[in-house]
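Structure, as structure tokens:
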Amino acid sequence: MTTRILAGLADATRLTRDGRVSEALATIRRTLATGASPAPAADEKRAPGALPPRPGVGAGAFGQGLSGLGGAAAWLNPQGTPAPGRAPAVPAGARFEERAFSGTAGRLGYKLYVPSGHGAQPMPLVVMLHGCTQSPDDFAAGTRMNELAEEHGFLVAYPAQTKAANASRCWNWFSAADQQRDRGEPALIAGVARQVMAEFTVADGRVYVAGLSAGGATAAIMGVLYPDLFAAVGVHSGLACGAARDLPSALSAMRGGASPVNLPRGGAAAPPTIIFHGDHDKTVHPANAALVASQVDAGAVAERDVQKGETPQGVRFTRRVEADRNGVPVLEHWVIHGLGHSWSGGSPAGSYTDARGPDASREMIRFFEHHRVASVRTGG
1 MTTRILAGLA DATRLTRDGR VSEALATIRR TLATGASPAP AADEKRAPGA
51 LPPRPGVGAG AFGQGLSGLG GAAAWLNPQG TPAPGRAPAV PAGARFEERA
101 FSGTAGRLGY KLYVPSGHGA QPMPLVVMLH GCTQSPDDFA AGTRMNELAE
151 EHGFLVAYPA QTKAANASRC WNWFSAADQQ RDRGEPALIA GVARQVMAEF
201 TVADGRVYVA GLSAGGATAA IMGVLYPDLF AAVGVHSGLA CGAARDLPSA
251 LSAMRGGASP VNLPRGGAAA PPTIIFHGDH DKTVHPANAA LVASQVDAGA
301 VAERDVQKGE TPQGVRFTRR VEADRNGVPV LEHWVIHGLG HSWSGGSPAG
351 SYTDARGPDA SREMIRFFEH HRVASVRTGG
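Take a look at the structure:
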């Protein structure tokens, strides 16, 4: 690696430690693209987080120097075809509409799916956080969550990250400012949930949050910061709350270098959580799933079981279940053998999916149905 490239890396690290994450990202991208000395940073707002791997991570000596990062380095130079924008079909009587929440932390757009059977009857709410480069339409199509909403009768909100907040539309899971209750992105996502609750008859204590990759990491953050709002959490190919506080620690965590993490100030033990992670994930190291699991409140666990299985398509999986004294699972950790950085059991109509299963969306809804916020507070 040349002296100029090493200088670029050093400058990026210094900028990150000074809290100037967006400038650090701009420096890395320019150095990655040119292998030359960095020029003054452009006025970008923030740096992206976990991003599924893409071809063409980098060029020249700098790209070779980052090769040890595997997929974790790919988001430094996002390229390739944008995620599909096709909205899933909406059955008669249902709605899938654009909305927005505004609060003291800013404004956040989202799409809301209201199933055809909605009425006065209370319904659960699931908040779905997309991965980098994805959109609500793409994530809805890939996870088939709207189809499950029709089947089971629940609302689905899909917050939409913007390019203004993050160049690759990643949630800023690694930013210290976005890991605090009632501030930054957590405040906006919680605001979306509360806005839906204010307008619709949402079943008492039955609000859930799930996500993929950067969205999975942010779902983990939301569970820790808002256990009074979210009754359970689904984390697919994500990272634990507090796994990173800046760009260098984000890269380390994605490579599997994160140590057991302390909960942020104001955070609590995570509510019941279901985790999916492929053991061939080259973007977010599978070791991160265990760190997510370690943040779940284990005080109520009375039973532990490990199950092995195989889907009809030949995909093997290992499922670890920790349940309370009534046999209700408070933690499930699914290791999907052979899966990369993709949503297990998803539809090819969306990006970053593997249709061979197991069906992560269906299993998350099955897990969520056991939990309400009141049970989180009492530990029963």
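The opening position of the sequence shown corresponds to residue 1 in full-length UniProt numbering, with each subsequent residue numbered one higher. Cβ coordinates follow ideal geometry from the N, Cα and C atoms, glycine included. Quick caveat: nothing in here was measured; it's all calculated off a predicted structure.
- Secondary structure of H370 (DSSP, three-state): coil.
- Here the alpha carbons of F139 and P358 stand approximately 17 Å from one another.
- The beta-bridge partner set that DSSP reports for I274 consists of G234, E332.
- Residue state for A120 is assigned as coil, using DSSP reduced to three classes.
- Secondary-structure assignment with DSSP links L155 through a beta bridge to L125.
- Rounded to the nearest whole angstrom, the C-alpha separation of R144 and S361 is 7 Å.
- Under DSSP, W171 takes part in no beta bridge, so it has no partner.
- Shown here, R356 sits in coil according to DSSP, grouped into three states, outside any helix or strand.
- Within the model, the alpha-carbon separation for Y226 versus A92 is close to 35 Å.
- Pairing H341 with V284 gives a Cβ-Cβ distance under 9 Å.
- Taking 8 Å as the upper bound for CB-CB distance, N288 and A243 are in contact here, some 7 Å apart.
- In the DSSP assignment, S102 falls within the beta strand (DSSP E) that extends over 95-103.
- Y113 is bridged by DSSP to F96, V156.
- Within the model, the alpha-carbon separation for L188 versus Y110 is close to 11 Å.
- With respect to the 9 Å criterion, S237 and S259 are not classified as neighbours on the basis of their beta carbons.
- Relative to the Cα of G117, the nearest Cα in the group A232, R107, L291, A149 belongs to A149.
- Annotated three-state conformation of F200 is coil, per DSSP.
- Between A323 and V301 a beta carbon distance of about 7 Å is seen, short of the 8 Å cut, so the two are scored as contacting.
- Taking each of Q134, P88, L155, P122 in turn and checking the Cα distance to V114, the smallest one comes out for L155.
- Setting aside the 5 residues that flank it on each side, H333 is surrounded in the same chain by I275, A289, A293, R320, each with a C-beta closer than 7 Å to its C-beta; the list follows chain order.
- For G345, there is no enclosing alpha helix (DSSP H), since its DSSP letter is neither H nor E.
- The beta carbon of V296 sits closer than 6 Å to those of A270, T273, L331, all from its chain and outside the five residues before and after it, given in chain order.
- Sixteen is the threshold: since fewer than 16 other Cβ atoms of the shown chains lie within 10 Å of the Cβ of T104, the residue is exposed.
- The criterion of a C-beta distance shorter than 9 Å is not satisfied by R206 and V328.
- Ranked by how close their Cα comes to the Cα of G119, the residues L239, E363, R86, V202 have V202 in first place.
- In the structure shown, V224 adopts helical secondary structure according to DSSP, grouped into three states.
- Rounded to whole angstroms, V235 and V315 show a C-alpha spacing of 20 Å.
- Burial check for G211: the Cβ neighbour count within 10 Å reaches 16 or more, so the residue is buried.
- In the DSSP assignment, D137 falls within the unbroken alpha helix (DSSP H) covering 136-143.
- Excluding its 5 nearest sequence neighbours in each direction, V196 has C-beta neighbours in its own chain below 8 Å: L112, L125, L155, A157, V202, listed in chain order.
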